[in-house]
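Working notes for the structure below.
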Ligand SMILES: NC(=O)c1ccc[n+]([C@@H]2O[C@H](COP(=O)([O-])OP(=O)(O)OC[C@H]3O[C@@H](n4cnc5c(N)ncnc54)[C@H](OP(=O)(O)O)[C@@H]3O)[C@@H](O)[C@H]2O)c1
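In the working numbering, the protein residues as written are 1461 to 1777.
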């Protein structure tokens, strides 16, 4: 049995519980693929999980390897997998129970897609979790169509920067909340109307939205009912929207959890290769500084994505 380095939690807590250790490498079972990870991205869910605040990962899942998405190369395939072979360059949203902050990870073959050919591994690793979240929120749950109006809260973040571009590409009129440097950033992505949520009330600019895509929750979500059109929808990645408010506004409401989907990632890779969608990597950290990557994300105001280069070490000259 081979071994590998992985960031595995033995208990929940602050940055001190996030440490690399040498553990047995995973083996792909039937239907799975073993990937040698080149790069993995930092997501808010990693911090929530580390702190024991992510409902899908309780004490019974410990020890638990963090990291929800990656780009890498196929090392070996399990029984019944014919669509992938050793050496294929892939990227994916890793399912629950696996962890991408590791040198090797096993993934359900259906979650994989070929890495966009024009993106290097660090850039590709920035994509899967947030781009699938944006895609599924806008189109699967929000049913966004050409000519409709959408308000995207937190357009400059990881999910938001894909959501703005997907909505524009679909032909929607796109309203976005952002702040600071994020304002210019979302404009550069094609947002039609940018609202500085620190100094402006979005209710004064956005009206009759066919869809509010909520990446903030709480008070922002509550206030957003005022701008949803009758027959429109509120879709959130965070707080479960009130069905009572939805009924009062003649609208639909949903909270969802993004899921791995290799077919959707293949379409997204095509959009990246056709230069229809840009990926913003805000900062890259070597594998032995993965803790700093999470600390940077935790500090807030990240515009784009933080990526961990699993093949890199800070000792590398
Ligand atoms: N349910 C799911 O499956 C799922 C999947 C992915 C993500 N999520 C959740 O969705 C949220 C967004 O994820 P992410 O990866 O995009 O996070 P992120 O990269 O950390 O982005 C957060 C963004 O929120 C902006 N922001 C903060 N407060 C805001 C406000 N009041 N109004 C507008 N923008 C605001 C920040 O901009 P500034 O601070 O610079 O203004 C930052 O750009 C997270 O809470 C995450 O846990 C859920």
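Heads up, the beta-carbon is just placed ideally off N, CA and C, and yes, glycines get one too.
Distance cut-off 6 Å: residue 1745 Cβ against heavy atoms of ligand 1: Not so, every heavy atom of ligand 1 lies at least 6 Å from the Cβ.
Residue 1504: CB within 6 Å of a non-hydrogen atom of ligand 1: Proximity of the beta carbon of residue 1504 to ligand 1 is indicated: a heavy atom of the ligand is located closer than 6 Å.
Bridge partner(s) assigned by DSSP for residue 1732: Answer is none; residue 1732 lacks a bridge partner.
Three-state secondary structure (DSSP) of residue 1477: Three-state DSSP puts residue 1477 in a helix.
Close-in-space but distant-in-sequence residues of the same chain around residue 1466 (CB under 6 Å, 5 per side omitted): 1483, 1525, 1562, listed in sequence order.
At least three beta-carbon pairs within less than 8 Å, the region 1744-1752 to the region 1660-1668: Flag = no, the region 1744-1752 and the region 1660-1668 do not touch.
Segment limits, beta strand (DSSP E) that includes residue 1743: Taken as a continuous stretch (DSSP letters only), the beta strand (DSSP E) holding residue 1743 covers 1741-1746.
For residue 1598 and residue 1604, believed in contact at Cβ under 8 Å, the rounded distance: That belief holds up - the Cβ atoms of residue 1604 and residue 1598 are roughly 5 Å apart, short of 8 Å.
Beta-carbon spacing of residue 1688, residue 1711 below 7 Å: Yes, Cβ-Cβ distance for residue 1688 and residue 1711 is below 7 Å.
CB of residue 1699 within 7 Å of CB of residue 1677, strictly: Taking 7 Å as the cut-off, the beta carbon of residue 1699 is found closer than this to the beta carbon of residue 1677.
3 or more residues per run - each beta strand (DSSP E) lying fully within the region 1609-1675: Runs found: 1609-1613, 1633-1638, 1653-1656, 1669-1674.
Buried versus exposed call for residue 1581 [16 or more other C-beta atoms within 10 Å across all chains shown]: With 16 or more Cβ atoms within 10 Å of its Cβ, residue 1581 is classed as buried.
Span of the alpha helix (DSSP H) around residue 1583: Residue range 1581-1585 is occupied by the alpha helix (DSSP H) that includes residue 1583.
Cβ shell of residue 1718 (< 8 Å), same chain only, five flanking positions each side left out: Once the five neighbours on either side are set aside, the close Cβ partners of residue 1718 are 1553, 1589, 1592, 1593, 1596, 1597, 1697.
Nearest-angstrom Cβ-Cβ length linking residue 1501 and residue 1585, presumed shorter than 8 Å: Residue 1501 to residue 1585, Cβ: 5 Å. Contact.
Sufficient close CB pairs (3 or more, under 8 Å) joining the region 1605-1620 to the region 1633-1642: Touching, per the Cβ criterion.
Counted within 10 angstroms of its Cβ, other Cβ atoms place residue 1503 as buried (16 or more) or exposed: Buried, by the Cβ-count rule.
Buried or exposed (CB count within 10 angstroms, at least 16 for buried), residue 1602: Buried, by the Cβ-count rule.
Under the three-state DSSP convention, the category residue 1495 falls into: Residue state, collapsed to three classes: strand.
Through-space distance from residue 1489 to residue 1535, alpha-carbon basis: Our two residues, residue 1535 and residue 1489, have alpha carbons roughly 13 Å apart in a direct line.
Proximity below 7 Å, CB of residue 1493 to CB of residue 1537: Yes, these two residues count as a Cβ contact at 7 Å.
Residue 1590 beta carbon near ligand 1 (any heavy atom closer than 6 Å): Within the cutoff, so yes.
Per-residue DSSP class, three states only, for residue 1715: Three-state DSSP puts residue 1715 in a strand.
Ligand 1 heavy atom lying under 6 Å from the CB of residue 1618: Checking the Cβ of residue 1618 against ligand 1 gives yes.
Sufficient close CB pairs (3 or more, under 8 Å) joining the region 1540-1558 to the region 1738-1745: No: the two stretches stay apart, fewer than three of their Cβ pairs being nearer than 8 Å.
Cα-Cα separation between residue 1619 and residue 1675, rounded to whole angstroms: Their backbone Cα atoms lie some 8 Å apart in a straight line.
Cα-Cα separation, residue 1627 to residue 1668: Looking at the backbone, the Cα of residue 1627 and that of residue 1668 are separated by about 16 Å.
Cβ-Cβ distance between residue 1477 and residue 1469 below 7 Å: The answer is yes: Cβ separation under 7 Å.
Separation of residue 1514 from residue 1777, as counted between CA atoms: Confidence at residue 1777 is low in this model, with a pLDDT of 44, below 50, so its placement is unreliable and the value that follows should be read with caution. The straight-line gap from Cα to Cα measures roughly 38 Å.
Same chain only: Cβ atoms within 6 Å of residue 1685, ignoring 5 sequence neighbours per side: Close CB contacts of residue 1685 within its chain, under the 6 Å cut and outside five residues either way in sequence, are with 1705, 1709 (chain order).
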